[in-house]
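In this note's numbering, the protein residues as written are 8 to 356. Note that the Cβ used here is the ideal one computed from N, Cα and C, for glycine as well. Data block below; observations after.
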């Protein structure tokens, strides 16, 4: 049973010169029957502190409808032109794909396009297991959460984020603010560009078009050329493992055995270890790795997705001839390695 620990919440109380604006604060210590580690600090505005406009007579500045249309169209088409030939295309914006893009985007000279078939990026990382809220991350992958500034409850061998959406929303907000990243959601990767045995990009289409090829006449796709393609399409499903399944169908790999039954301690280390460039020009990351290698599934724990994504990013940097962590194994970041799968130590809740 977890030991009892304390949480200290600190709020600063300040009286200002105007009665309509206050900051409420207090110091309190809570005894909880769970082990936690985080600090809470906030400034709470008083209820009578008004917004910077009059809600009783609020009025928007005028705009022509055509201006709205032009702004959306011009910016999207500019992005399509920019990324028609880009450095890295990441297929799949789940936890592995987002982490890969985040890590890659630290180099401002690398242009990254993310293709996500869903309107809502994030894959399965909006919730934990069985539609529960909490996200479990095994150490030392929590070091990546520290970098993102995400609070968690700390245990001996793992940490727990109170809601998985905190991870997904935080990494997306940081990632998409960077100028060298573009997310094309509601876009499907229908095929690969392959020349002389090397993957050189992806064939794209609107996801709704891809889902309706059998109901309509021919609807040809578009293309994105890339120096490196990272496939993070997840485990098998309607849009899952599409990268490695296509490699098999065109004869670039022999088999896609599918993931094995759940073994959490073996699975996460295997996913990180086997994240690699499977054919020239294409790196596989996340749960798609389990499909190509027959590795076990890990179930509702997410550290391997993050670290596999980081490793894929550094493999892409290596392929681009840029500085990376995988070329310097003796100085590798500790968060790129999870606890050994053959260890006898397991964590008890």
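According to the DSSP secondary-structure assignment, residue 273 is paired through a beta bridge with no residue. Taken through DSSP and simplified to helix, strand or coil, residue 211 comes out as strand. A check of alpha carbon separations from residue 206 across 98, 286, 265 identifies 286 as the nearest. Rounded to whole angstroms, the separation of the alpha carbons of residue 313 and residue 97 is 14 angstroms. In the three-state reduction of the DSSP assignment, residue 142 falls in the strand class, which pools E and B. Within the model, the alpha-carbon separation for residue 297 versus residue 210 is close to 24 angstroms. Relative to the Cα of residue 122, the nearest Cα in the group 139, 93, 147 belongs to 93.
Rounded to whole angstroms, the Cβ separation of residue 283 and residue 322 is 7 angstroms, and the two are in contact under 8 angstroms. Contact annotation: the region 106-121 does not touch the region 266-279, with fewer than three C-beta pairs closer than 8 angstroms. With a 10 Å radius around the Cβ and a threshold of 16 neighbouring Cβ atoms, residue 309 comes out buried. Sequence-distant Cβ neighbours of residue 268 in its own chain, meaning closer than 8 angstroms and more than five residues away, are 303, 304.
Residue state for residue 94 is assigned as strand, using DSSP reduced to three classes. Taking C-beta atoms under 8 angstroms as the contact rule, residue 199 and residue 253 qualify, at a distance of about 6 angstroms. In the DSSP annotation of this structure, the continuous segment of the beta strand (DSSP E) that includes residue 189 starts and ends at 188-192. Here the C-alpha atom of residue 226 lies approximately 9 angstroms from the C-alpha atom of residue 217. Closest in alpha carbon position to residue 255, among 95, 299, 80, is 299. As the crow flies, the alpha-carbon of residue 179 is around 7 angstroms from that of residue 105.
The Cβ-Cβ distance between residue 238 and residue 251 falls below 8 angstroms. Distance from the CA of residue 202 to the CA of residue 72, rounded to the nearest whole angstrom, comes to 44 angstroms. In the three-state scheme derived from DSSP, where H, G and I count as helix and E and B as strand, residue 325 is classed as helix. The beta carbon of residue 315 lies closer than 7 angstroms to those of 103, 278, 279, 282, 292, 293, 296 in the same chain, with the five residues before and after it left out. With a contact defined as Cβ atoms closer than 8 angstroms, residue 235 and residue 301 miss out at about 25 angstroms. Partner residues in the beta bridge of residue 229, as assigned by DSSP, are 211.
Residues 193 of the same chain have their beta carbon placed closer than 8 angstroms to that of residue 215, with the five preceding and five following residues left out of the count.
When secondary structure is reduced to three states using DSSP, residue 292 falls in the coil class, being assigned neither helix nor strand. CA-CA distance, residue 319 to residue 188, rounds to 16 angstroms. Rounded to the nearest angstrom, the gap between the Cα atoms of residue 248 and residue 125 is 15 angstroms. Contact annotation: residue 232 and residue 91 have beta-carbon atoms nearer than 8 angstroms.
Cβ contact annotation for residue 86 (same chain, cutoff 6 angstroms, sequence separation greater than five): 189, in chain order.
With respect to the 8 angstroms criterion, residue 119 and residue 95 are classified as neighbours on the basis of their beta carbons.
The three-state secondary structure of residue 315, taken from DSSP, is helix. Shown here, residue 134 sits in coil according to DSSP, grouped into three states, outside any helix or strand.
Nearest in C-alpha terms to residue 138, of all of 166, 306, 331, is 306.
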